[in-house]
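Take the sequence shown: its letter number 15 is residue 15 in full-length UniProt numbering, and every next letter is one higher.
Glycine included, each C-beta is placed from N, C-alpha and C at the ideal position.
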Amino acid sequence: MEQKKLDRNSIIGFIIIAGLLIWMMFNNINKEQETINENKEAVQTEQIKQAQTDTIENAISSHFESDSLKNEALLSTLGNFAYSGMLPSAEGGSTQLKSNLLTLTIDNKGGMLSNVIVNDFTRFSKKSGEIVELIKDKNADFNLEIHTTDNRTLNTKDLYFEPELTKEGKNQVLSMRLKASENQFLEYRYVLKPDSYMLDFSIRTQGLNKIVDISKNPELDWNLKSYRNEKSISYENRYTRLYYEHEKGKDNDLSPTSKEDNKTIKDVTYIAYKQHFFTSILLTEKPFSSASITSKNLVNDEKVDTVFTKQFNSVVPLAYSNGELNYDMNWYFGPSDYKILKSFERNLDNVVPLGWGIFGWINRYLFIPVFGVLSSFLPYGIAIVVLTILVRLLISPLTYKSYLSQAKMKAIRPEVTEINEKYKNDPMKKQQETMNLYSKAGVNPMAGCIPALMQIPIFYALFQFFPSAFDLRQKSFLWADDLSSYDSIAQLPFSIPFYGNHVSLFPLLASVAIFIYMKMTTGDQQMAQPQQEGMPDMGKLMKVMIYISPIMMLFFFNNYASGLSLYYFISNLITIGIMYVIKNHIVKDHKIKAIIEENKTKQRPKGKFQRKMQEMMEQAQQQQKLKEQQKKK
């Protein structure tokens, strides 16, 4: 028979398959540090105080001519408010709150968090000794912009609050008040609990309804530049994104790959600045009517070391009620751990990217519970191996059915080839006879595809599970010192595009295993699938894929979590073993041929699919005959 070359259709088919694989992988796939010394801080503080002094003097001057009584009221209310920096207790300084899980520092200036330490966690690796700090060195701002009755704008981040630290049972309570008088103030109230990453936080005003312009909503402005805490810049940046919940339980996120993405959303219940394994979340009991949110990608070159990954910003208008502000909220600062976030029962687990639809269900109700049980008494690396074995055993019936279908197709291929030659000038008749042969032999050409398609949800669910498993962070196994990051065994003196500047061993082993598996099965698949006229030469395409698939695995997973590569390596080893047993001890060619010959002697009812196909072919054949008759006339 003539040796066929790789034609244009074959190339197009290969490109489509490669594109689909790449899409699956990637769909679902400045160190900048501001330091201000004490002298400069003191100068800036004096400048702010002077600016506040100028503000009140100008305010008094502008109102004095019209109404002296009004100016006296302004002096005793707005004047003290703007003069808050002059109160004895309202000066530079900070208050520290510490629990078993968090260490917080709240500055008097702005009344906001200036340092948030997540206790007992380190950056990059256990050996680094650098603690995880979500807020430090002015990487975050929290400001409330308030409009006054004399058309002035006050920004709380520039004013000084008066702190008062008390205790309520085991809880530490810090009240930060920006005062106009003892009974007129804006208050931020923080409540830190001993064993929770969730703080109670409230914003309220008292007696300011004659000072602030209640016709203009104050704006809450929250900014944060996320520090890099993990080994791989590209991997961490891929899973660092802004999530939000809105419109009574809908959750969504901004693009993690765009240079900049922004939206305006309605009825917001939480905004989450999620890093790969840590999260800062602002929640509210009373939904914000709207919010303008923005995410900027700060990583310009992944090959260059960087301090920050993303810049997040949210602008939220608050609303007065009876002339006062009253918002009960919460802050969450802690791990992006599915179990911890779910325990709050506020849909926070949705910030963990487990996949949409059936993929997320598989992770939530199968892999997370099973892996949780296994890792409770096994080392994490061994738990991954055991999980892999369980998954392969679970889908081994699908593997058996897929191979059995290939074996049957291989057995009848000579007869299919004979039909192709006999009716090569009559495509419709050729298709009918081929379908009749399948029916008599009891062979379903789709039976080999369906088991493979049924494995895709499991494949994709695991692809989402391992990068999101907080428990794997900084857990070692064999040569991998962190199962949540790549397992480098050699550093390259240069960087390879899409690959990186290091060699990870688990992806290398997984690629070799894939190559062996494909060599075992591709020959059978080529024998099983007859070449159809006008279709790409699948045999040649499969030969190309034997080499392309391992290379794709090697490149895509070199920077991925080593736990994921470990899973695919063990999974392919087990599959090779299962296929060897099926091929050499269960499904034998002479037995398959005997079954097919026996099926031919039986009257077998046609399935719905076969009947439908036959009806469609008969209709097409009739239409073809009518066209030929019309041409003759």
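Exercise. Going by Cα to Cα distance, which pick from Glu260, Val316, Lys167, Met409 is closest to Ser99?
Worked result: Of the listed residues, the one whose Cα sits closest to Ser99 is Lys167.
Problem set entry | Contact belief for Leu178 with Leu165 at Cβ below 8 Å, rounded distance in angstroms | The distance from the Cβ of Leu178 to that of Leu165 is about 17 Å, inconsistent with a contact at the 8 Å cut-off.
For this session: Excluding the 5 residues preceding and the 5 following Gln455 in the sequence, name in chain order all residues of the same chain whose CB lies nearer than 8 Å to its CB.
Result: In chain order, Ile395, Leu398 place their CB closer than 8 Å to the CB of Gln455, counting only its own chain and leaving out the 5 sequence neighbours on each side.
Exercise. Quick one: Cα of Lys408 to Cα of Ile578, how far?
Worked result: In this structure, the CA atom of Lys408 is about 18 Å from the CA atom of Ile578.
Problem set entry | For Tyr567, the nearest candidate out of Lys296, Ile592, Ala510 (CA to CA) | Comparing Cα positions, the closest option is Ala510.
Exercise. Helix or strand or just coil, what does DSSP make of Asn217?
Worked result: Asn217 falls in the coil class under three-state DSSP.
For this session: Would you identify the three-state DSSP class for Leu626, choosing helix, strand or coil?
Result: Leu626: helix per DSSP, three-state reduction.
Problem set entry | Where Pro335 sits in the DSSP three-state scheme | If DSSP states are grouped into helix, strand and coil, Pro335 belongs with the strands.
Problem set entry | Within the stretch 292 to 317, ranges of the beta strand (DSSP E) (whole runs, at least 3 residues) | Qualifying beta strand (DSSP E) stretches, in chain order: 308 to 317.
For this session: Using alpha carbons as the reference points, say which of Tyr460, Asn322, Leu505, Ile496 lies closest to Leu478.
Result: Ranking Tyr460, Asn322, Leu505, Ile496 by CA distance to the CA of Leu478 puts Leu505 first.
Problem set entry | For Asn209, the three-state DSSP class (helix, strand or coil) | It is coil, neither helix nor strand.
For this session: For Lys286, I'd like the list of residues in its chain whose CB is within less than 8 Å of its CB, leaving aside the five on either flank, ordered along the chain.
Result: If we look at Lys286 and ignore the five residues flanking it on each side, its Cβ neighbours are Tyr327, Asp328.
Exercise. Do we get a CB-CB distance below 8 Å when we pair Ser439 with the residues of chain D?
Worked result: Protein chains in the displayed structure number just one, and chain D is not present.
For this session: Tell me whether Tyr365 is buried or exposed, calling it buried when 16 or more other Cβ atoms sit within 10 Å of its Cβ.
Result: So Tyr365 ends up on the exposed side.
Exercise. What's the gap between the Cα of Gly563 and the Cα of Lys410?
Worked result: Near 37 Å, if we compare the C-alpha coordinates of Lys410 and Gly563.
Exercise. Taking three-plus beta-carbon pairs below 8 Å as touching, is the stretch 288 to 295 in contact with the stretch 347 to 367?
Worked result: Counting C-beta pairs with one atom in each stretch, the stretch 288 to 295 and the stretch 347 to 367 have fewer than three that are closer than 8 Å, which means they do not touch.
Problem set entry | Inter-stretch contact (C-beta, 8 Å, three-pair minimum) for the stretch 132 to 142 and the stretch 244 to 258 | No, because fewer than three Cβ pairs between the stretch 132 to 142 and the stretch 244 to 258 fall closer than 8 Å, the two stretches do not touch.
For this session: In the DSSP assignment, find the alpha helix (DSSP H) that holds Ala407 and state where it starts and stops.
Result: Run containing Ala407: 380 to 411, per the alpha helix (DSSP H) assignment.
Problem set entry | Where Leu352 falls: helix, strand or coil (DSSP) | According to the sequence shown, residue 352 is Val rather than Leu. In the three-state scheme derived from DSSP, where H, G and I count as helix and E and B as strand, Val352 is classed as coil.
Exercise. Since Gln172 sits in a beta bridge, which residues does DSSP pair it with?
Worked result: Paired residues: Lys167, Leu192.
Problem set entry | Cβ-based burial, Gly93 [other Cβ within 10 Å; buried from 16] | Gly93 is classed as exposed because its beta carbon has fewer than 16 other beta carbons within 10 Å across all chains shown.
For this session: For the alpha helix (DSSP H) containing Glu245, list its first residue and its last residue.
Result: Segment 241 to 246 is the beta strand (DSSP E) holding Glu245; no alpha helix (DSSP H) there.
Exercise. Which class does Tyr227 belong to by DSSP, given the choice of helix, strand or coil?
Worked result: Residue state for Tyr227 is assigned as strand, using DSSP reduced to three classes.
Exercise. Pick from Phe201, Ser128, Val191, Asp150: whose alpha carbon is nearest that of Asn330?
Worked result: Checked all of Phe201, Ser128, Val191, Asp150; the closest Cα to Asn330 is Phe201.
Exercise. Whole-angstrom Cβ separation of Glu219 and Pro369, contact assumed at under 8 Å?
Worked result: That pair is no contact at about 43 Å.
Exercise. By the 10 Å Cβ neighbour count, where 16 or more other Cβ atoms means buried, how is Thr279 classified, buried or exposed?
Worked result: When all chains shown are included, Thr279 counts as buried.
Problem set entry | Runs of alpha helix (DSSP H) wholly within the stretch 445 to 493 (minimum 4 residues, chain order) | List check, alpha helix (DSSP H) in window: 449 to 468.
Exercise. Looking at C-alpha atoms only, which residue of Val544, Ala461, Val315, Lys274 is the closest neighbour of Gln294?
Worked result: It should be noted that the sequence gives Thr, not Gln, for residue 294. Ranking the options by Cα distance to Thr294, first place goes to Val315.
For this session: Let me know the secondary structure DSSP gives Gly111 once reduced to three states.
Result: It is coil, neither helix nor strand.
Exercise. Buried or exposed: which applies to Ile117, given that a residue is buried once 16 or more other Cβ atoms fall within 10 Å of its Cβ?
Worked result: With 16 or more other Cβ atoms within 10 Å, it is buried.
For this session: Check whether the Cβ atoms of Phe557 and Phe277 lie closer than 8 Å to each other.
Result: No, the pair does not count as a contact, with Cβ atoms beyond the cut-off.
Exercise. Can you name the start and end residues of the beta strand (DSSP E) that Phe367 belongs to?
Worked result: That residue, Phe367, is in no beta strand (DSSP E); it is neither H nor E in DSSP.
Exercise. Can you check whether the CB of Phe333 is closer than 8 Å to the CB of Leu102?
Worked result: Yes, they are a contact pair.
For this session: Starting from Ser321, follow its DSSP beta bridges and name the residues at the other end.
Result: DSSP lists Glu324 as partners of Ser321.
Exercise. How many Å lie between Ser343 and Arg241 at the Cα?
Worked result: Straight across, the Cα-Cα distance linking Ser343 with Arg241 is about 22 Å.
For this session: Could you tell me whether the Cβ atoms of Leu387 and Phe371 are closer together than 8 Å?
Result: Taking 8 Å as the Cβ cut-off, Leu387 and Phe371 qualify as a contacting pair.
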